[in-house]
Each structure stands twice: as structure tokens, then as C-alpha cells.
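Following: one structure in C-alpha cells, then a few remarks.
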Amino acid sequence: MLRLGSNLRVACTRALPRNQILRTLATEVHANTKGEPIDKETVRVELPADSFEGYMLDPPELTYDTEKSRLVKMYKDMVTIRRMEMSADGLYKAKKIRGFCHMSTGQEAIAVGIENAITKQDDIITSYRCHGFTYMRGASVKEVMGELMGKRCGVSYGKGGSMHMYGKGFYGGNGIVGAQVPLGTGLAFAHHYRGDKNCCFTLYGDGAANQGQVAESFNMAKLWNLPVVYACENNKYGMGTSIQRSSALTDYYKRGQYIPGLKVNGMNILATYQAAKFAKDWVAQGKGPLVIEFETYRYAGHSMSDPGTSYRTREEVKSVRSKRDPVAHLKQHMIDWGIATEKEVKQFDKDARAYVDSQVKEADAAPAPEAKMDILFEDVYVPGSEIPVLRGRIREDSWSFAKKGFAYR
Numbered sequence: 001m002l003r004l005g006s007n008l009r010v011a012c013t014r015a016l017p018r019n020q021i022l023r024t025l026a027t028e029v030h031a032n033t034k035g036e037p038i039d040k041e042t043v044r045v046e047l048p049a050d051s052f053e054g055y056m057l058d059p060p061e062l063t064y065d066t067e068k069s070r071l072v073k074m075y076k077d078m079v080t081i082r083r084m085e086m087s088a089d090g091l092y093k094a095k096k097i098r099g100f101c102h103m104s105t106g107q108e109a110i111a112v113g114i115e116n117a118i119t120k121q122d123d124i125i126t127s128y129r130c131h132g133f134t135y136m137r138g139a140s141v142k143e144v145m146g147e148l149m150g151k152r153c154g155v156s157y158g159k160g161g162s163m164h165m166y167g168k169g170f171y172g173g174n175g176i177v178g179a180q181v182p183l184g185t186g187l188a189f190a191h192h193y194r195g196d197k198n199c200c201f202t203l204y205g206d207g208a209a210n211q212g213q214v215a216e217s218f219n220m221a222k223l224w225n226l227p228v229v230y231a232c233e234n235n236k237y238g239m240g241t242s243i244q245r246s247s248a249l250t251d252y253y254k255r256g257q258y259i260p261g262l263k264v265n266g267m268n269i270l271a272t273y274q275a276a277k278f279a280k281d282w283v284a285q286g287k288g289p290l291v292i293e294f295e296t297y298r299y300a301g302h303s304m305s306d307p308g309t310s311y312r313t314r315e316e317v318k319s320v321r322s323k324r325d326p327v328a329h330l331k332q333h334m335i336d337w338g339i340a341t342e343k344e345v346k347q348f349d350k351d352a353r354a355y356v357d358s359q360v361k362e363a364d365a366a367p368a369p370e371a372k373m374d375i376l377f378e379d380v381y382v383p384g385s386e387i388p389v390l391r392g393r394i395r396e397d398s399w400s401f402a403k404k405g406f407a408y409r
């Protein structure tokens, strides 16, 4: 059995016993988040006053009602994503995952919060840190892990790897920093053109916020009043460069200038969910684009090649993890509010581990793609839209296309 998890993760959790971590959470950072059961199915959530900061808009209501079952599901999803990332960490160290691999450990509340606030008719596009979003958009853990290991069962049939995962309503997974932002703007234009009430959540990091194509996208989206939510996942570091060293203005929610913005505590899923609902309603009402900054933190390095300790201290990571962890935060609130007992929550954790472990085992045993040229040309076109003629190929390449019935000239 593979050892799952990283030295960094172990170092971060060794400092405080688990029960002490939960007590710290309950008494320090999230002490002001309150919950009051309304009935058997509903709980009233009251967020701290500092959950949101608005720019050219009034921020969302701090008090809202939601289903207890939704909170349980959000917890299960966050635990599953974290366990999945921990498994990927171990598989990478075992050299079963190769190449680029970017973890989102610590940032789970954003993917889960957004998905619970939108519909499957809405679109999401993000950067290379996309495993959690892929899972939330409908892929199984087996499909995500299979893709990481280059297996035929992968969500992109083993051809894309960590940075290139897709699904219905999910457009990646994009390897070029910031390149997904104009693409997301185009997806929003499609909704605008069709006249539906759907939108596109276009996510990017603080490192990509300084890209020129982001500013260009803002301009076009505002000109055409597009239903796009630009969501900056500010995890404080672009690779190894802190935001203070790379950005003249670190209030990323104000970067839209003429576009209203909202800053959100991205470590509190109760806040990310409320913010995502607010954003979806905003664009559905025809108010145009919105810029959201999710303040978050990544526990691991930028990628698996980065230990994450040369530009920040271990004490910094330990402090954030012990005081602001989104999974432990929701766990403690569910217990405090009577939504689940501590025994039930422990069972949720065990179930998530068993599910991920079984899915990883299946993915590991799955075959790799066949070593033939045909596979490289699968899924280039939407089925039924393939062109009958391929140009720009030399005659020696004909054998690799002839099996598909293409003509040449």
C-alpha cells in the first residue's frame, strides 16, 4: 500500500493534536460564524461581518437559510477532494504520476461552494489547479486519478494529465497562465447570444491577475454586459512570489475598475457558497460581469516539484492550517449545530477514504492507452462534425488517417 500524503502535510499537522485544532477553530478565527436550526431540514447561518468586502456594490446578506443536507454534502465533497489530492501526492512520489501536478489542498471550499450555488447548465473554466473542479463537475475519482496516471479510464483518456481535464460544462484545466480568462469570456458570450440565464465562472489565480489578457477580457465583458463571474483564487503566492512582490494592487476584487467586485473569505465554505449564489443572481439579472476575489491558501507547494518552504516558513503554513482549515471549520460547525454527531462525521471521513482508495486502486489497475497514432486524433471534433478532408499533411502520414476514412489532397 502506498504511503499517502506529503512531508509538508505531516509537518503541518504534527504541531497540534486534532482535538486542539478543532478547539482553536471554534474559539479563534471562525468563532463568529453562528448557526441556528430552523426545523429538521433547515439551518440559519450567520456569517461574521468580515466575510465580505464590496466594491461598487452592496455585499451579500450575512444571514441566510440553507438545507442541513447541503452542508453534509459539501463536507463530504471537501473531504473527498482532500483525500483525492493526498492520494495524488503519494502516487506522484511513487512515480505513478509524472509531469506537472498542481494540488489544491486547502482551497477545497471554493470548488465545492461554487458548484453548490450554480446549475449544470452554467459553465466553469479554470487554471491548471483543476482536480477538485473536475470532480465537482461530475467526474469520478477514478476518472481524475486515471487521467493523472495516464490511463485510458481517465477523464481525457489519459492524454491530458493534471492540467487538461474536461467535462460537460467544464472547459478545463488550462496550462497557460491566464489563457482561460478570454475563453471564459467567450463562454459567457455564448450564453448572452442565446439569451439564457446561465453564466460562466472564470477562475484564475493571483499570479494570472497581472496578465494583459485578463484586462482585455474585463473590457470586452463590460462593453457587452456579459454574464461572467471572474473569480480570482488568491492563495497569496504565484509560484514562489508573494502577492506583495508581484502586484501593485493586491485588492484583486478591485482590479475590474469599472466592474463591481467582491472579496470573500475563501477558507469558509459557508461564505463561498453565499458569495457564489450572489454572483449567479447578479449576472442572471443582467447586471453584467462581476469580479470576485476568494482569499484562500494552498498548503502544498506550487506544484509537486516545489516543497513550498523556500519562500514561506513552516510556521506560516502550520498557523493557517490550524486556524483556518475549511474542512475542519465545517466539521466543527456541523457538530456544534446538531447537524451531525462526532461519530457520524468520523464515519463520513472513513467513507471518503474508502471510496477514494477503491477508486485509486481501480485507476491504477486500468490499462494505458494503446500505443497507436489513431488515439492522438480522437475527440478533435464533436461527433458528427468531422471534416471529410484533412490538409497540410505529408503523404507518409496517410496511413494514420486512412483507417478513419479521411480523404486527402
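FYI, UniProt numbering numbers position 155 of the sequence shown as 155, with every residue one higher than the one before it. All C-beta atoms in this analysis are idealised placements derived from N, C-alpha and C, irrespective of residue type, glycine included. No experiment lies behind these values; they were computed from the predicted model shown.
Judged by DSSP secondary structure, residue 44 falls within the beta strand (DSSP E) whose first and last residues are 42 to 46. For residue 261, the secondary structure class from DSSP, reduced to helix, strand or coil, is strand. Apart from sequence neighbours up to five positions away, the residues of its chain that approach residue 342 with a beta-carbon distance below 7 Å are 335, ordered along the chain. Rounded to whole angstroms, the Cβ separation of residue 80 and residue 144 is 10 Å, and the two are not in contact under 8 Å.
Beta-bridge analysis with DSSP links residue 65 to 44.
Scanning the region 308 to 339 for uninterrupted beta strand (DSSP E) segments of 3 residues or longer gives nothing; none is fully contained.
Residue 146 is not a Cβ neighbour of residue 371, given a cutoff of 9 Å. Here residue 244 is exposed: its Cβ has fewer than 16 other Cβ atoms, across all protein chains shown, within 10 Å. Looking at the backbone, the Cα of residue 102 and that of residue 129 are separated by about 5 Å. Taking 3 residues as the minimum length, the region 126 to 155 contains no beta strand (DSSP E) run wholly inside it. In this structure, residue 57 lies away from residue 48, with their beta-carbon atoms at least 9 Å apart. Setting aside the 5 residues that flank it on each side, residue 161 is surrounded in the same chain by 99, each with a C-beta closer than 6 Å to its C-beta; the list follows chain order. At the C-beta level, residue 87 and residue 360 come within 9 Å of one another. By the beta-carbon neighbour count (other beta carbons within 10 angstroms, threshold 16), residue 340 is buried. Within the same chain, no Cβ atom closer than 6 Å to the Cβ of residue 384 is found once the five residues on either side in sequence are excluded. Listed in chain order, the alpha helix (DSSP H) runs fully inside the region 178 to 221 are 180 to 194, counting runs of at least 4 residues.
Annotation: residue 167 to residue 134 spans about 7 Å, alpha carbon to alpha carbon.
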